[in-house]
Amino acid sequence: MVAALIRHAPCTHLLKHRRNVGLAVVSSGVLQLAVVVAGLAAATASAYTAPSVEGLGFEIGRLDTDKVDARQPRLFCTAGEIKRARQRVQEDLAARKTGDRLIETADRHKTLDIRPLDESWWDTVKNKPWGETYPDVFLHTMKEPLVYGLAAAESAQAWQLTDREEYADRAVAALMNLTPYTFQAEHYDVGLNFSIWGLHALRAYEILYPRLTAGQRREVDDFMTRLAWAVARNHMYWIEHNVGGGLNNHLAWHNLTLGLLGLFYNRPEMVEVCMQGPRGMMPMLEEGLLDDGLWCESSLVYHFTAVVPMIIMGDCQRRMGRQPSMLHLTGANDRTLKQAFDAMLNTLFADTMIPPIGDAYGARTHLWQMPVYEYAWAAWGDPHYAWLLAQNPERRIESLFSPPLPADPPAPPIGTLLRPEHGYAFLRSHRDAEYWNTDAWCAFLTYDRSSVHANADKLSLMLFGQGRLLLPDVEGKATVPHAFSSRIQSELNRGGLSQNTVMIDGRDQRCGPEMLRLVEFRDLPAEKRITAADDKGLLYEGVRQMRTVAMTPDYVLDVFQVDAGGTERQIDWIIHALDERAIAPPDTNPHLAGCEAFPLPDTGAWAWLRNPQSYIPDDDIRMEWRADRARLRLHMLNPSAERVILCGYPATDEPDSGEIPMVIVRCRGSRAVFAAIWLIGDRPAQAEFRTLPPRDGSLVYEVVTDGHARQHLVPGL
5 MVAALIRHAP CTHLLKHRRN VGLAVVSSGV LQLAVVVAGL AAATASAYTA PSVEGLGFEI
65 GRLDTDKVDA RQPRLFCTAG EIKRARQRVQ EDLAARKTGD RLIETADRHK TLDIRPLDES
125 WWDTVKNKPW GETYPDVFLH TMKEPLVYGL AAAESAQAWQ LTDREEYADR AVAALMNLTP
185 YTFQAEHYDV GLNFSIWGLH ALRAYEILYP RLTAGQRREV DDFMTRLAWA VARNHMYWIE
245 HNVGGGLNNH LAWHNLTLGL LGLFYNRPEM VEVCMQGPRG MMPMLEEGLL DDGLWCESSL
305 VYHFTAVVPM IIMGDCQRRM GRQPSMLHLT GANDRTLKQA FDAMLNTLFA DTMIPPIGDA
365 YGARTHLWQM PVYEYAWAAW GDPHYAWLLA QNPERRIESL FSPPLPADPP APPIGTLLRP
425 EHGYAFLRSH RDAEYWNTDA WCAFLTYDRS SVHANADKLS LMLFGQGRLL LPDVEGKATV
485 PHAFSSRIQS ELNRGGLSQN TVMIDGRDQR CGPEMLRLVE FRDLPAEKRI TAADDKGLLY
545 EGVRQMRTVA MTPDYVLDVF QVDAGGTERQ IDWIIHALDE RAIAPPDTNP HLAGCEAFPL
605 PDTGAWAWLR NPQSYIPDDD IRMEWRADRA RLRLHMLNPS AERVILCGYP ATDEPDSGEI
665 PMVIVRCRGS RAVFAAIWLI GDRPAQAEFR TLPPRDGSLV YEVVTDGHAR QHLVPGL
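The opening residue of the sequence shown carries number 5 in this note's numbering; numbering runs sequentially from there.
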C-alpha cells in the first residue's frame, strides 16, 4: 500500500516554518549523529544500538529479529493470504490482470542498475537554511532511495506470487543496497521521506527473511534500527518546534514507521507511543478530524497523507491479531478512523473527483484512484467502499488479499451538504444514485480558515457539471521534481490569481486562523443556497465581502458583494473556465473582436499570465466557452466595470504549455456588486437576468428561463 500511495497519491510535502532555519537538531542531536556515523564502520562487526532520543517515551536500543519469530510473513500479508491470492489469479480474470501488472513492474526492476547511494551531497548543503534545500533533500532522501525500496518490495511480492527465483534475487540485491544508508541528512521532510521508502524496505524484509543469511539479517536489523532513530529524532523536532501547526500529516508517517517496527520486532512500548503518545495517531484523530471526519489541513487532497498511515497501521494490527487496533478504537469526541474514509465520499464531484481545494499541485484525483480503500474494504466491509473500488479498472496487488467485491454494490448516498467546521458548502443538483457518474452539477464554495495547506481561496467557487470541472480551482503544474518548493507553486498557485474569487488592489488575501461567517445555507427542492461573508475585513483590511451562490434546475446564481468602506480600491472578480482545451467561439463572444492588448504587472504572480487583452463593456457581460461536449455560459449584469481583462493561465511552468481561459472583471471604487448567472449545457437556450428594486436590506434578482420566472432575495452587505 505504501508503494501504491507513492505511485498514485499527490505530493506529501507541506508548508512548514516560513522562516529560514539552518541546521537544527533535537537536543544533543549533533553529538548523536556523530556517534551514529562514526559507529557505522564498527557495525559490520557488532550489532548497532541506537542512542537515546530525548522525550521519545521509549528506548529504541537494538531492533533484533533473533528475538522474534520472523520465519513467516505476518505484518503486511500472511501465508494464508498469499495462498488465496495465487488461487484468485488462477481463477479470476481481473485478478490475473492485477498479478500480470505486478509481474510487469518486477520485470522492469530486473534491469535496474543497482549502485550504492551517495550521501556525500549532505556535506555541501548541511549549513544552508532548510528553506533552500528542499530540492536536494527530496532528491537524495526520497527519490533516489525510493527506487531501491520499490524494487525490493515489488520484486519480493512478485516472488511471493510466482516462486520465481529471479525476483527474489533482485529483491535481495535492492534491499541490501539500502542497508549501508546512514540517515545523515536533517530537514523538515526527512522523517517522512525516510518513512516512505523505509516501509518498502520493511515489507521486502518480511517477505525475504527466510532467504537471507544471518549476516544479511544483522545488516538489515542495523539499518532498521538506524531508520527508527532517524525518524524518531525528526519526529521529536516536529513536536518540540510545533512545525506545520502541530497537527500535520508528517507526524502520522513518523508514527507509522515507529509503530510498524514495534509490531515487527515485538516492541509493544513502541506501538503504544505511536498510537497514544504525544502527537500519536489517536490524539491526531481526536484533534485533527473536523465535521464528519475530514482532515484539518485545508486541502482535501492532503486528507489522505494523514489518514493513510493510520489505516496501514490498523491493517497490520488486524493481521497480527493485536488489539486494540486503529481500525476499531474510538477516541475522544467519538472519533474513529472509519469516519475519515466515509467523510471523503461526501466531498466528491459526480465523477468521484476530489475537489482540488488548497494545495493540489494541479492534480485531478478521483477517489477510486486511492488504493488505500482496498484496506478500508478489508477492514470494515462497507459496501460503499466496494462500489468505489469497482470503478477502478486497474486495481493493485492489495486487492488480491482483500475480500472479493459483491456483484452490484450500492452507491453511497449524497446530496447538498454543509461542513461548517471546514467552511465547505456543496450544492448538488441531484441526490444519491441520480448524482453519481451523470451530468449532475455541484457548486463548491469555501469560507475556511487558513491551515497549513490553504491557498488564498476564501469565497472561491468551483463549479462541476457535464462530467467535468467548469470553473476549476487552477494550479500550474510544476515540471521540476519537487512541486512544493517550485517557483510556480510559491509565486502563482497559492495566490488569488489561481482562484475564482475577488482580489483587492492586485494583492492576495491575508491568511488567518479565523473562519469567515456563514450567513445562510438552504437545501430546498428547487434552490440550493449558500451565503458566506467576511464582515471583519479579515481578508483585506477595511474591506467587507459577501458571496451568495444559489443552484436551481436551470442555472446557478452567483452574487459577490464588496464594500471597501468609502475608500477607492481596485476590485478584481476572477474566474477560470474549463481547461486548456477550451475555446471561446467568436460567434457567441462578439466582444472578442473589440479586444486590445492590455499590460499587466510584470512581477510576481501577474508575470505568469499570458496574452492579456481587454475591452470596456457598454452593456451586460456575456461569455461562452466550449470544450468537447461541455458548454458554459456567463451572463453578468454590468457592475460599472472599468474593463474586462481576458488572459491565459499557464497549464504548467513550461513556456510553451497550454493556457486555461481566465477572466478578470475589474472595477474601481469603494463598492461593487458582481451579479451573474451560469448556464451549463444547451438548456435553457436563453435566460433573461435582471435586478429588481431592493427589499428590506436584500438585493432582488429575477431570472426568466423558458417563460418561467424565478426571483431571488440575496442578503445585502
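Ideal Cβ positions, reconstructed from N, Cα and C, are used throughout, including at glycine. Here the structure is a predicted model, which is why all the values come from computation and not from measurement.
Looking at A676: is its Cβ nearer than 7 Å to the Cβ of P643? Here residue 676 corresponds to residue number 672 of the sequence shown, with the count starting at 1. Here residue 643 corresponds to residue number 639 of the sequence shown, with the count starting at 1. A distance below 7 Å separates the beta carbons of A676 and P643.
With burial defined as no fewer than 16 other Cβ atoms inside 10 Å of the residue's Cβ, what is the status of T483: buried or exposed? Start at 1 with the first residue of the sequence shown, and residue 483 comes out as number 479. It counts as exposed.
Could you tell me the distance, in whole angstroms, from the CA atom of Y213 to the CA atom of L463? What you label residue 213 is simply residue 209 of the sequence shown in a count that begins at 1. What you label residue 463 is simply residue 459 of the sequence shown in a count that begins at 1. Each residue's Cα considered, the two are about 55 Å apart.
Please determine, among P120, M519 and R511, the residue with the shortest C-alpha to C-alpha distance to D184. Taking the sequence shown and counting its residues from 1, the one referred to as residue 184 is at position 180. According to the sequence shown, residue 184 is Pro rather than Asp. The residue from P120, M519 and R511 with its alpha-carbon nearest to that of P184 is P120.
Classify H712: buried if its beta carbon has 16 or more other beta carbons within 10 angstroms, exposed otherwise. As a working note, residue 712 is residue 708 in the sequence shown. Result: exposed.
Pick helix, strand or coil for W629, following the three-state DSSP scheme. As a working mapping, residue 629 is identified with position 625 in the sequence shown. Shown here, W629 sits in a strand according to DSSP, grouped into three states.
Determine which residues share a DSSP beta bridge with V511 and list them. Translated into the one-based positions of the sequence shown, residue 511 becomes position 507. According to the sequence shown, residue 511 is Arg rather than Val. Paired residues: I508.
H639, DSSP secondary structure in three states: Locating residue 639 in the sequence shown gives position 635, counting from the first residue. In this structure, H639 counts as strand in the three-state DSSP scheme.
With burial defined as no fewer than 16 other Cβ atoms inside 10 Å of the residue's Cβ, what is the status of R230: buried or exposed? Along the sequence shown, one-based indexing puts residue 230 at 226. Around the beta carbon of R230, 16 or more other beta carbons lie within 10 angstroms, which makes this residue buried.
When you compare each of D558, A597, W257 and C651 to E692 by their alpha carbons, which one comes out closest? In the sequence shown, counting from the first residue as 1, residue 692 sits at position 688. The residue among D558, A597, W257 and C651 with its C-alpha nearest the C-alpha of E692 is D558.
Just to check my reading of the structure: P616 and I649 have Cβ atoms closer than 8 Å, yes? What is that Cβ distance to the nearest angstrom? Locating residue 616 in the sequence shown gives position 612, where the first residue counts as 1. Locating residue 649 in the sequence shown gives position 645, where the first residue counts as 1. Between the beta-carbon of P616 and that of I649 there is about 6 Å, and that keeps the pair under the 8 Å contact cut.
Identity of the residues DSSP links to Y653 by a beta bridge: In the sequence shown, counting from the first residue as 1, residue 653 sits at position 649. Paired residue(s): I664.
Would you check if the distance between the CB atom of R99 and the CB atom of R88 is smaller than 7 Å? Mapped onto the sequence shown, residue 99 falls at position 95. Mapped onto the sequence shown, residue 88 falls at position 84. At residue 99 the sequence reads Ala, which differs from the Arg that was named. Judged by beta-carbon spacing, R88 lies beyond the 7 Å limit of A99, meaning their Cβ atoms are not closer than that value.
M555 lies in the beta strand (DSSP E); which residues open and close that run? Position 551 of the sequence shown, counted from the first residue, corresponds to residue 555. First-last of the beta strand (DSSP E) with M555: R548 to M555.
Determine the extent of the beta strand (DSSP E) in which D104 is found, giving its start and end residues. As a working mapping, residue 104 is identified with position 100 in the sequence shown. Looking at the DSSP string, D104 is not in any beta strand (DSSP E); the run it does join, the alpha helix (DSSP H), is L97 to H113.
By Cβ distance below 6 Å, which residues in the same chain neighbour Q36 in space, the five residues on each side in sequence not counted? What you label residue 36 is simply residue 32 of the sequence shown in a count that begins at 1. Note that Q36 scores 40 on pLDDT, short of 50, meaning its location in the model is unreliable; the coordinates nonetheless yield the value given after this. Result list for Q36: P55, in chain order.
From E600, R626 and T607, pick the residue whose C-alpha is nearest to that of T592; which is it? Your numbering for residue 592 matches position 588 in the sequence shown. For the residues E600, R626 and T607, the minimum Cα distance to T592 belongs to R626.
Tell me whether the beta-carbon of R168 lies closer than 7 Å to the beta-carbon of D295. One-based indexing of the sequence shown puts residue 168 at position 164. One-based indexing of the sequence shown puts residue 295 at position 291. Contact: no.
Please classify L696 as buried or exposed, where buried requires at least 16 neighbouring CB atoms within 10 angstroms. Working through the sequence shown from its first residue, we reach residue 696 at position 692. Using a 10 angstroms sphere on the CB of L696, the tally of other CB atoms stays under 16, which defines it as exposed.
Is it true that the CB of N259 sits closer than 7 Å to the CB of M285? Here the question's residue 285 lines up with position 281 in the sequence shown. Here the question's residue 259 lines up with position 255 in the sequence shown. Yes.
Nearest to G569 (by Cα), restricted to the options Y544, D562, S454 and M555: Taking the sequence shown and counting its residues from 1, one reaches residue 569 at position 565. The shortest Cα separation from G569 among Y544, D562, S454 and M555 belongs to Y544.
In the region 585 to 624, which residue ranges form an unbroken beta strand (DSSP E) of at least 3 residues, counting only runs that do not cross its ends? Here the runs fully enclosed are 614 to 619.
Whole angstroms are fine: how far does the CA of H245 sit from the CA of E301? Mapped onto the sequence shown, residue 301 falls at position 297. Mapped onto the sequence shown, residue 245 falls at position 241. For E301 and H245, the distance between alpha carbons rounds to 18 Å.
Between the C-alpha atoms of V708 and R714, what's the straight-line distance to the nearest angstrom? In the sequence shown, residue 708 corresponds to position 704, counting from 1. In the sequence shown, residue 714 corresponds to position 710, counting from 1. Looking at the two C-alpha atoms, the distance is approximately 6 Å.
Extent of the continuous alpha helix (DSSP H) run through R207: As a position in the sequence shown, residue 207 is number 203, starting the count at 1. R207 -> alpha helix (DSSP H) spans V194 to L212.
Rounding to the nearest angstrom, what Cα-Cα distance links A645 and A586 in this structure? The sequence position of residue 645 within the sequence shown is 641, counting from 1. The sequence position of residue 586 within the sequence shown is 582, counting from 1. Inter-residue distance for A645 and A586 is about 25 Å (C-alpha atoms, whole angstroms).
What's the C-alpha gap between V29 and L721? By one-based count along the sequence shown, residue 29 stands at place 25. By one-based count along the sequence shown, residue 721 stands at place 717. Any reading at V29 needs caution, since the residue's pLDDT is 30, under 50, leaving its predicted position unreliable; the model's value is listed next. Between V29 and L721, the alpha-carbon positions lie close to 51 Å from each other.
For E572, does the three-state DSSP call read helix, strand or coil? Here residue 572 refers to the residue found at position 568 of the sequence shown. Residue state, collapsed to three classes: coil.
If you check the beta carbons only, do P413 and P387 fall under 7 Å apart? Indexing the sequence shown from 1 puts residue 413 at position 409. Indexing the sequence shown from 1 puts residue 387 at position 383. Result yes, Cβ atoms of P413 and P387 sit closer than 7 Å.
So the alpha helix (DSSP H) C446 belongs to, where does it begin and stop? One-based indexing of the sequence shown puts residue 446 at position 442. No alpha helix (DSSP H) contains C446, which is instead part of the beta strand (DSSP E) from C446 to T450.
Is it right to say V560 is buried, meaning 16 or more other beta carbons lie within 10 angstroms of its own, or is it exposed? For the purposes of this step, residue 560 is taken as the residue at position 556 of the sequence shown. So V560 counts as buried.
Taking C-beta to C-beta, are L298 and G335 nearer than 7 Å? Residue 298 sits at position 294 when you count from the first residue of the sequence shown. Residue 335 sits at position 331 when you count from the first residue of the sequence shown. Contact flag unset, no.
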